[in-house]
Ligand SMILES: C[S@@+](CC[C@H](N)C(=O)[O-])C[C@H]1O[C@@H](n2cnc3c(N)ncnc32)[C@H](O)[C@@H]1O
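In our numbering, the protein residues as written are 207 to 404.
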């Protein structure tokens, strides 16, 4: 079992008490049909070191492994799973840990599903690109925050389109009343080349 706190100071300053694995499972089981779907988007606005994010990715990757045997499909849907998971935390150390855990989980699933096959060139660069966009430091309680939310969609197989929004626009209570405008749109890009575009 991993400890749920790191120090008294961190509990006081950050309200940092991690959720136990058992509770994470129980909570995600409440939305079982959704958490297993590759396409379901999850956002954790105070994600800590990623306890929920890791379990959500595990569930999505379980679906990927059972549905997609071909290596290229496995890679594309793995990145798609990751691209639908978002985590924000005010503490850089937590974000580093969360990203490292998600990255390690992808490596573990790759060898579990694809055995000794070598990943296509660019795969792990794209994994890290998505992690750097989606798992980020930010103050989600500050309405003036400049957090950027990256939307990844796949208009065709093996490709992604990226649009960026201001998180504060998405979280506005009446955001459903008007059409949200992206602050930036990017060209459609092959899944192995996401990090070419910046
Ligand atoms: C109770 S812990 C929960 C961590 C994680 N969600 C879990 O269940 O294991 C609260 C987290 O909120 C983060 N936090 C505190 N204030 C925040 C803020 N204003 N914006 C974003 N994250 C914040 C802390 O760094 C800490 O990791």
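No residue lacks a Cβ here, since even glycine has one placed at the ideal position from N, Cα and C.
Here the structure is a predicted model, which is why all the values come from computation and not from measurement.
Measure the C-alpha to C-alpha separation of residue i and residue j and round it to an integer number of angstroms.
{"i": "residue 308", "j": "residue 336", "result": "11 Å"}
{"i": "residue 223", "j": "residue 235", "result": "21 Å"}
{"i": "residue 246", "j": "residue 356", "result": "15 Å"}
{"i": "residue 401", "j": "residue 328", "result": "8 Å"}
{"i": "residue 374", "j": "residue 340", "result": "15 Å"}
{"i": "residue 278", "j": "residue 366", "result": "14 Å"}
{"i": "residue 240", "j": "residue 258", "result": "14 Å"}
{"i": "residue 377", "j": "residue 344", "result": "14 Å"}
{"i": "residue 217", "j": "residue 301", "result": "17 Å"}
{"i": "residue 399", "j": "residue 325", "result": "13 Å"}
{"i": "residue 215", "j": "residue 289", "result": "33 Å"}
{"i": "residue 208", "j": "residue 385", "result": "43 Å"}
Identify whether residue i lies in helix, strand or coil by the three-state DSSP scheme.
{"i": "residue 356", "result": "strand"}
{"i": "residue 343", "result": "strand"}
{"i": "residue 284", "result": "helix"}
{"i": "residue 364", "result": "coil"}
{"i": "residue 248", "result": "strand"}
{"i": "residue 389", "result": "coil"}
{"i": "residue 299", "result": "helix"}
{"i": "residue 227", "result": "helix"}
{"i": "residue 396", "result": "strand"}
{"i": "residue 320", "result": "helix"}
{"i": "residue 272", "result": "helix"}
{"i": "residue 232", "result": "helix"}
{"i": "residue 326", "result": "coil"}
{"i": "residue 377", "result": "coil"}
{"i": "residue 210", "result": "coil"}
Please look up how many angstroms separate the CB atoms of residue i and residue j, rounded, as I've assumed it's under 8 Å.
{"i": "residue 371", "j": "residue 349", "result": "About 15 Å separates the two Cβ atoms, so there is no contact after all."}
{"i": "residue 394", "j": "residue 332", "result": "At roughly 14 Å, the Cβ-Cβ gap does not stay under 8 Å, so residue 394 and residue 332 are not in contact."}
So who's on the other strand from residue i, going by DSSP bridges?
{"i": "residue 291", "result": "248"}
{"i": "residue 372", "result": "354"}
Within the 8 Å Cβ cut-off, does residue i reach chain B?
{"i": "residue 337", "result": "Checking the listed chains, one finds no chain B in this structure; it contains a single protein chain."}
For the region 292-299 and the region 251-270, state whether three or more C-beta atom pairs, one from each stretch, are separated by less than 8 Å.
Verdict: yes, contact present.
Does the region 309-329 come close enough to the region 344-361 to have 3 or more Cβ pairs within less than 8 Å?
Taking a contact to require three or more Cβ pairs closer than 8 Å, the region 309-329 and the region 344-361 do not qualify as touching.
Three-pair Cβ contact test at 8 Å for the region 207-227 versus the region 262-281:
Output reads no: the region 262-281 does not touch the region 207-227.
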